[in-house]
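Residue numbers (the working numbering): 214 to 331.
Glycine residues also receive a C-beta, built at the ideal position from the N, C-alpha and C atoms.
The structure presented is a predicted model; accordingly, all values stated were derived computationally and were not measured.
Structure first, then comments.
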């Protein structure tokens, strides 16, 4: 089992920035992928960004150039730096863990709310 705990959500005005953090604990493979999904009201959950333990990344087209994912393998943490936020970025953001970059998540955090006001 892997436990994921997110922090850093909140309310921000359009154009502002937020940084989300996630700490993982439990039975963590040394080689895996971690990242972020989000779910807006009335929408399905969607991938935001993922990163492997080797540093390979993938981003949703809607966040490319605005969001940056990073991780600290020694601390088992993954961060998401978000800039130029838009009202459409409003969602619950979930930290996820999986085996490979393009695999569906196998573990989910409890989620953290990000609200971007116009």
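Here the C-alpha atom of residue 279 lies approximately 11 Å from the C-alpha atom of residue 231. Here DSSP, grouped into helix, strand and coil, assigns residue 302 to helix. Boundaries of the beta strand (DSSP E) harbouring residue 292: 290-295, taken from the DSSP string. If you compare the alpha carbons of 241, 323 and 326 with that of residue 311, the shortest gap goes to 241. Looking at the DSSP output, residue 226 sits in a beta bridge with 330.
For residue 282, the enclosing beta strand (DSSP E) covers residues 280-285. For residue 319, no beta strand (DSSP E) encloses it, and the DSSP letter there is neither H nor E. Counting along the chain, residue 239 sits inside the beta strand (DSSP E) bounded by residues 231-239.
Distances from the alpha-carbon of residue 325 to those of 319, 262 and 235 put 235 closest. Taking C-beta atoms under 8 Å as the contact rule, residue 329 and residue 262 fail to qualify, at a distance of about 17 Å.
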